[in-house]
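Going letter by letter, the sequence shown gives residues -22 to -1, 1 to 514 in mature numbering (1 follows the signal peptide of the UniProt record, and there is no 0). Working notes, structure below.
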Amino acid sequence: MMRKAVLLHLICVLLGVFLVNGEDPYKYYTWTVTYGTISPLGVPQQVILINGQFPGPALEVVTNDNIILDLINKLDQPFLLTWNGIKQRKNSWQDGVLGTNCPIPPNSNYTYKFQTKDQIGTFTYFPSTLFHKAAGGFGAINVYERPRIPIPFPDPAGDFTLLVGDWYKTSHKTLQQTLDSGKPLPFPDGVLINGQTSSSFSGDQGKTYMFRISNVGLSTSINFRIQGHTMKLVEVEGSHTLQNTYDSLDVHVGQSIAVLVTLDQLPKDYYIVASTRFTKQILTATAVLHYTNSHTPVSGPVPAGPTYQIHWSMKQARTYRWNLTASAARPNPQGSFHYGKITPSRTIMLVNSAPRLNGKQRYAVNGVSYINADTPLKLADYFNIPGVFSVNSIQDLPSGGSSFLSTSVMAANHHDFIEVVFQNNENTIQSWHLDGYDFWVVGYGFGQWTPARRKSYNLIDALTRHTAQVYPRSWTTIWVSLDNQGMWNMRSAVWERQYLGQQFYLRVFNPVHSPANEYDIPKNALLCGKAIGRHP
């Protein structure tokens, strides 16, 4: 009996070691959010720092890593971070938006717990509360492949992250007051690259480097280019692409791309350029690509890029294609999922508009301008708290009636496959993001969408991504597999529009309560509004 007991104990120990060793790695972070004073455009201003940094520290992780991130809020306002493009599989509790999370009070903390499940690529994080995004608090999330999963290009000699975006000299609180008073924001004051108007990236002649470019701005599309060099597009928001070569690339608000650049020119310094698109006034920021054997500084005029050529931009967008034979985070090829052979069960058309409500400028989708509830929708749903939202508060199609304010939620069934048409009847470019998902961008077109437009869809190798641009007086169609249960934010990535109501929540529901479909409420969940006093 003693020998059997010892043997049983040994088996349990070995099994425990096996299980522990078989679990995906954990990475732990502690981030403190504070204010600081810097001068990104030459004027001292208050910005949001994370661990004293602007932009914030990069999350450099590997597919399937478990992230444990304790966020300490030292601001004078409640605060949240959202993880732009990280799918949060079965875990909208960690999404970091006001529909799913109570904001972290001043002088308090919250520990995010999430996994970069089955993802690789270039992503970002940023504040989702109030108008904090205008003050910083953003940073890069770079998710690398597991060693056993091949990528469709040789390892680059180096990896550079460039966070690019428009910027205001005015404080975020003053900008918020402008919007609250019913007035639109003025035109931005400049463009920053990694929080600066000048920076440098060094590499060896003859070697190839990866540049990860993300548009972290508030409103403006960006064109990116490098003097004297071409760029090979290899990844867009987690998808490996056909490796087309470009002289310049448009990156719209909320979007991320990765390109390979070979330093195959004469040994000197070259301009890296980011300039605004579709704007009457062109704002430009430059950095320097420095060859390590260079003794010649940058010279000559800054390379010009496209300005208002909408047809040019749409034509370029259509060249972004899925690399069907390449694997991404998983070993199976991306193209093994034949999305084009699935018939969507539902079509949703979303029409943006800019109504004035109660004498103030607002933005709406399908006539509904979103207002935040005092209780996160996810908590109200979990605790069955009435009066917070209704799943009938926004319709699949615009009604044509007057616009109104509401905490808008749209019902959807778990595992449905749907078509979403973004119809833009305005003269400005739009950008739309869906939390918790990536989707196939199957079509772009000018004018009004009709069912006949489906004949132009790309049903073979359309790109998957999490944020899609919609050109002026145009439409964009995405197909989405609703495989991620939860409460997910569908929003304008143009932050003024998001703040003033151009968003809603998609409630992806399954009546079967199971951790296989969705994780339970975290034990450390913050409670606020009508959820105070409830027990997770």
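From the three backbone atoms N, C-alpha and C, an ideal C-beta is built for every residue, glycine too. Model, not experiment: these values are computed from the prediction.
When rounded, the separation of the alpha-carbon atoms in Thr219 and Arg469 is 25 angstroms. In the DSSP assignment, Val329 forms a beta bridge with Gln401.
When the beta-carbon positions are compared, Trp418 and Val369 stay at least 9 angstroms from each other. By the CB criterion at 9 angstroms, Ile396 and Pro450 fall outside the cutoff.
Across the structure, Lys246 and Gln233 are spaced so that their CA atoms are roughly 31 angstroms apart. For the 9 angstroms CB-CB criterion, Phe367 and Tyr483 form a contact. The C-alpha of Val329 is placed about 5 angstroms away from the C-alpha of Val343. In the DSSP assignment, Trp71 forms no beta bridge with any residue.
Taking all protein chains shown into account, Phe424 has fewer than 16 neighbouring C-beta atoms within 10 Å of its C-beta and is therefore exposed. Ranking Gln426, Gln154, Ser192, Ser492 by CA distance to the CA of Val169 puts Ser192 first. Following the DSSP letters along the chain, one finds Lys5 inside the beta strand (DSSP E) bounded by residues 4 to 16.
CA-CA distance, Gln426 to Pro275, rounds to 49 angstroms. The beta carbon of His110 is closer than 7 angstroms to those of Ile26, Phe57, His150 in its chain, skipping five residues each way along the sequence. The stretch 60 to 74 makes no contact with the stretch 8 to 22: fewer than 3 CB pairs, one atom from each, lie closer than 8 angstroms. Looking at the DSSP output, Phe189 shares a beta bridge with Phe138, Val237. DSSP places Ala282 outside both helix and strand once states are collapsed to three, so it counts as coil. By a beta-carbon distance limit of 8 angstroms, Asp182 contacts Thr270. Their separation comes to about 5 angstroms. Going by DSSP, Gln476 is part of the alpha helix (DSSP H) stretching over 473 to 477. Asn120 and Asn336 have their C-alpha atoms some 43 angstroms from each other. Of the other Cβ atoms in all chains shown, fewer than 16 fall within 10 Å of the Cβ of Ile438; this residue is therefore exposed. Shown here, Thr102 sits in a strand according to DSSP, grouped into three states. In the three-state reduction of the DSSP assignment, Thr219 falls in the strand class, which pools E and B.
Residue state for Arg340 is assigned as coil, using DSSP reduced to three classes. When secondary structure is reduced to three states using DSSP, Lys111 falls in the helix class.
By the C-beta density criterion, Gly63 is buried, having at least 16 other C-beta atoms within 10 angstroms.
From the listed residues Tyr146, Thr455, Asn201, Gly184, the smallest Cα separation to Tyr286 is found for Asn201. Taking the CA atoms as reference points, Arg340 sits about 5 angstroms from Leu478.
Taking a C-beta distance under 9 angstroms as the contact criterion, Leu238 and Thr186 qualify as a contact pair. When rounded, the separation of the alpha-carbon atoms in Gln312 and Ser492 is 28 angstroms. For Gly117, the secondary structure class from DSSP, reduced to helix, strand or coil, is strand. Ser380 counts as exposed, since fewer than 16 other C-beta atoms from the protein chains shown sit within 10 angstroms of its C-beta.
Note that the C-beta distance between Met465 and Leu383 is not below 9 angstroms.
The beta carbon of Ser371 is closer than 7 angstroms to those of Val346, Ser384, Thr385, Ser386, Val387 in its chain, skipping five residues each way along the sequence. In the three-state reduction of the DSSP assignment, Gly318 falls in the helix class, which pools H, G and I. For Ser470, the uninterrupted beta strand (DSSP E) segment begins and ends at 464 to 470.
For a cut-off of 8 angstroms, the C-beta gap from Gly143 to Val194 is around 4 angstroms, short enough to register as a contact.
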